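Undergrad:
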Amino acid sequence: MAVRARTRSSVPAGCTGCGQLSMWCHSRYARRLSDLTLAGRPLLIDLSVRRLYCENTACPKVTFAEQVPGLTVRYQRRTPQLQGLVEDVGVVLSGRGGSRMLQILNIRLSRVAVLSRLMRVPLPPLVTPRVLGVDDFALYGGTYGTLLVDATTRLPLTLWEGRDAERLGRWLRNHPGVEVACRDGSLAYRQGIAAGTPDAVQVSDRFHLWQGLSRGIQDIASAHRGCLPTALPPIGDAASARVEETVENTTADTRAELHARRLFEAVQALTRSGRSHSSVARELGLNRRTVSKYARAHHWQEVVRRPPRKFSTLDPYLDYLQQRWDEGEHSAKVLHEELQIKGYLGHYQRVKMAVAPLRQGLPIDEPRERPPSPREAARWITTHPHRRSPHINDRLPRLLDHCPELRTAHDLVRRFATMLDNRDVTHLPEWLDDLANTGLAPLSAYT
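Residues 421 to 867, numbered by my numbering, are exactly what the sequence shown covers, in order.
1) If we ignore side chains and look at the alpha-carbon of each, how far apart do H804 and L819 end up?
2) Just checking my contact of Y449 with V469 at CB under 8 Å: how many whole Å lie between their CB atoms?
3) Closest to G434 by CA distance: which of I465, A478, R675 and V488 is it?
4) Quick check on Y737: buried or exposed, where buried means 16 or more other Cβ atoms within 10 Å of its Cβ?
5) Identify whether D604 lies in helix, strand or coil by the three-state DSSP scheme.
6) Pick from S809, T578, D625 and G562: whose alpha carbon is nearest that of P545?
7) Would you mind sorting V534 into buried or exposed? The rule is 16 or more other CB atoms within 10 Å of its CB.
8) Taking the beta carbon of G518 as the centre, do at least 16 other beta carbons fall within 10 Å, making it buried, or is it exposed?
9) From the DSSP output, in three-state form, read off S454 for me.
10) Run the CB neighbour count on P432, radius 10 Å, all protein chains shown included, and call it buried at 16 or more, exposed below.
11) DSSP on I465, reduced to helix/strand/coil?
12) When DSSP labels each residue in this structure, what does T566 get in the three-state scheme?
13) Taking contact to mean at least 3 C-beta pairs separated by less than 8 Å, is the stretch 623-633 in contact with the stretch 557-565?
14) Suppose contacts are defined by Cβ-Cβ distances below 9 Å. Is V506 in contact with I527 by that definition?
15) Could you check which residue in E796, V423 and R516 has the C-alpha nearest to that of L458?
16) L546 lies in the alpha helix (DSSP H); which residues open and close that run?
17) Indicate the three-state DSSP secondary structure (helix, strand or coil) for V488 in the structure shown.
18) Skipping 5 residues on each side, what residues in its chain have a beta carbon closer than 6 Å to that of L513?
19) Nearest CA to the CA of D735: which residue from G763, E749 and G748?
20) If we count the other Cβ atoms within 10 Å of its Cβ and call it buried at 16 or more, is A798 buried or exposed?
21) Here's the rule I'm using: 16 or more other beta-carbon atoms within 10 Å means buried, otherwise exposed. How should P649 be labelled?
22) Nearest CA to the CA of P576: which residue from D584, Y866, D555 and P794?
23) Given L543, which residues of its chain have a CB within under 6 Å of its CB, disregarding the five upstream and five downstream residues?
24) Does the stretch 823-834 come close enough to the stretch 854-864 to have 3 or more Cβ pairs within less than 8 Å?
25) For D604 and R626, I'd like the C-alpha separation in whole angstroms.
26) Near Q760, which residues of its chain fall below 8 Å by C-beta distance, leaving aside the five closest residues on each side in sequence?
Here's what the structure looks like:
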């Protein structure tokens with residue numbers, strides 16, 4: 421649907437440069453404007469407007485085009501009403517979603533046009549919040565940025581690249597009025613808030629409190645890595661002997677274990693002499709976090725990465741292979757053909773490697789469950805009991821019964837979670853006293 425209109429020649433128009441009214445017409449030209457749909461049909465407005473001379477000799481504009489209030493805007497082909505609709509849809513649904521919604525309304529705009537209009541929406545005026553949230557975010561790789569959020573309205577205020585204390589302190593000095601600063605455990609943010617607004621109370625939110633507690637539990641599980649195999653279900657005396665051998669073995673056999681042992685001895689020797697972690701990292705050419713990990717460990721086995729045994733497509737057929745071997749069939753090629761009939765899609769070489777222990781009189785390499793990693797053990801402990809799977813409920817009690825430190829950490833976590841869920845800090849002093857008496861170093865930050 422098209423609507424044709426023209427402005428009146430007898431009405432003066434204000435110059436867009438100086439604002440002086442003028443009726444001295446230079447020429448006319450047509451503007452085609454898109455407007456809101458009318459009865460679901462697209463609406464185009466063919467508007468004839470004047471170009472006038474500016475009668476102010478001091479004005480830098482010689483001619484100017486008249487604007488119709490509420491209908492035209494300079495350099496725009498959409499009416500203000502349609503622009504407002506595009507902005508609202510773009511704010512709610514962004515590019516692709518906004519474009520699809522506008523198509524439903526019979527307004528044909530691409531996602532680029534919606535995003536372009538969204539980028540031109542002016543930001544609301546910055547109001548200094550009473551409760552400020554400070555956190556970091558990953559831009560890419562190892563590059564991080566700082567994000568400031570109004571903790572009351574949950575709206576972002578500003579962000580910048582880097583996590584330095586100086587810039588945060590400068591922003592707080594330029595925006596006084598922050599009474600409570602909610603941050604993570606970063607030392608840089610603590611120093612920046614203290615320098616920018618010394619009177620503000622620094623607190624941590626539920627997420628960072630729980631995140632810090634989970635990391636502490638993971639460090640405790642790493643320090644007691646030898647206890648983790650006890651979480652596996654008992655599978656006989658031979659399996660128990662293997663678990664004890666894993667726990668008590670102190671010999672470095674592989675290249676990775678030799679490397680870990682050498683680094684552990686070097687870091688422990690330097691840190692015992694009073695050297696800081698940063699100086700040790702510079703001397704050994706390591707990352708400071710790596711030095712901290714080796715310094716916290718009690719044994720070099722705690723820092724060795726043990727790749728888990730991956731599930732094999734042959735595992736469901738191992739019982740059949742053992743049965744056929746006991747029946748006298750020792751040809752790997754024949755066994756592979758029989759397994760293919762049963763649905764096995766793997767390669768012959770895997771079957772050949774599986775029966776190799778049988779040729780030496782050893783048991784077949786049956787699939788064994790790997791012990792939990794420190795991160796998995798920490799997740800087991802921090803997960804609410806009602807949300808734990810039967811797999812966790814079967815293994816976690818065995819682990820806690822074998823390791824008193826993890827049992828103590830589990831009890832502390834559950835008591836702390838109860839206080840968070842109920843938002844009741846009545847028992848917090850008692851909890852802190854119990855935490856201090858346990859002597860768990862990774863959780864010392866909470867004391």
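The beta-carbon is built from N, C-alpha and C at its ideal position, and this holds for glycine as well. In this text, all values refer to a predicted model and were calculated from it rather than measured experimentally.
TA: In short, the structure shows the following:
1) Locating residue 804 in the sequence shown gives position 384, counting from the first residue. Locating residue 819 in the sequence shown gives position 399, counting from the first residue. Looking at the backbone, the Cα of H804 and that of L819 are separated by about 17 Å.
2) Stepping through the sequence shown from its first residue, residue 449 is reached at position 29. Stepping through the sequence shown from its first residue, residue 469 is reached at position 49. Indeed they touch by this definition, with Cβ atoms about 7 Å apart.
3) The count along the sequence shown starts at 1 and reaches residue 434 at position 14. Answer by Cα proximity: V488.
4) The sequence position of residue 737 within the sequence shown is 317, counting from 1. Buried is the call here.
5) The residue you call residue 604 lines up with position 184 of the sequence shown. Looking at D604 - three-state DSSP - the assignment turns out to be coil, as it is neither helix nor strand.
6) Within the sequence shown, residue 545 is the residue found at index 125, counting from 1. It is T578 whose Cα lies nearest to the Cα of P545.
7) The count along the sequence shown starts at 1 and reaches residue 534 at position 114. Classification for V534: buried.
8) Looking up residue 518 in the sequence shown gives position 98. Around the C-beta of G518, 16 or more other C-beta atoms lie within 10 Å, and the residue is accordingly described as buried.
9) One-based indexing of the sequence shown puts residue 454 at position 34. In this structure, S454 counts as strand in the three-state DSSP scheme.
10) Taking the first residue of the sequence shown as position 1, residue 432 is located at position 12. Exposed, since its Cβ has fewer than 16 Cβ neighbours within 10 Å.
11) Position 45 of the sequence shown, counted from the start, is the residue given in the question as residue 465. Residue state, collapsed to three classes: strand.
12) In the sequence shown, counting from the first residue as 1, residue 566 sits at position 146. Correct three-state label for T566: strand.
13) No: the two stretches stay apart, fewer than three of their Cβ pairs being nearer than 8 Å.
14) Mapped onto the sequence shown, residue 506 falls at position 86. Mapped onto the sequence shown, residue 527 falls at position 107. Result yes, Cβ atoms of V506 and I527 sit closer than 9 Å.
15) Here residue 458 refers to the residue found at position 38 when the sequence shown is read from its first residue. The shortest CA-to-CA distance from L458 to any of E796, V423 and R516 is the one to V423.
16) Within the sequence shown, residue 546 is the residue found at index 126, counting from 1. L546 -> no alpha helix (DSSP H), and no H or E assigned at all.
17) Along the sequence shown, read from residue 1 onward, the residue named residue 488 stands at position 68. Three-state result, V488: coil.
18) In the sequence shown, residue 513 corresponds to position 93, counting from 1. If we look at L513 and ignore the five residues flanking it on each side, its Cβ neighbours are M521.
19) By 1-based counting over the sequence shown, the position of residue 735 is 315. For D735, the closest alpha carbon among the candidates G763, E749 and G748 is that of G763.
20) Counting from 1 along the sequence shown, the entry for residue 798 is found at position 378. A798 is classed as buried because its beta carbon has at least 16 other beta carbons within 10 Å across all chains shown.
21) Here residue 649 corresponds to residue number 229 of the sequence shown, with the count starting at 1. By the neighbour-count definition (other C-beta atoms within 10 Å, threshold 16), P649 is a buried residue.
22) Within the sequence shown, the letter at position 156 stands for residue 576. Checking every option, the nearest Cα to that of P576 belongs to D555.
23) Reading the sequence shown from its first residue, position 123 is the one you call residue 543. Around L543: no qualifying Cβ.
24) With the cut-off at 8 Å, the stretch 823-834 and the stretch 854-864 touch.
25) To locate residue 604, count along the sequence shown from 1; it is residue 184. To locate residue 626, count along the sequence shown from 1; it is residue 206. Just so you know, the alpha carbons of D604 and R626 end up roughly 10 Å apart.
26) Here residue 760 refers to the residue found at position 340 of the sequence shown. Correct list: empty, nothing qualifies.
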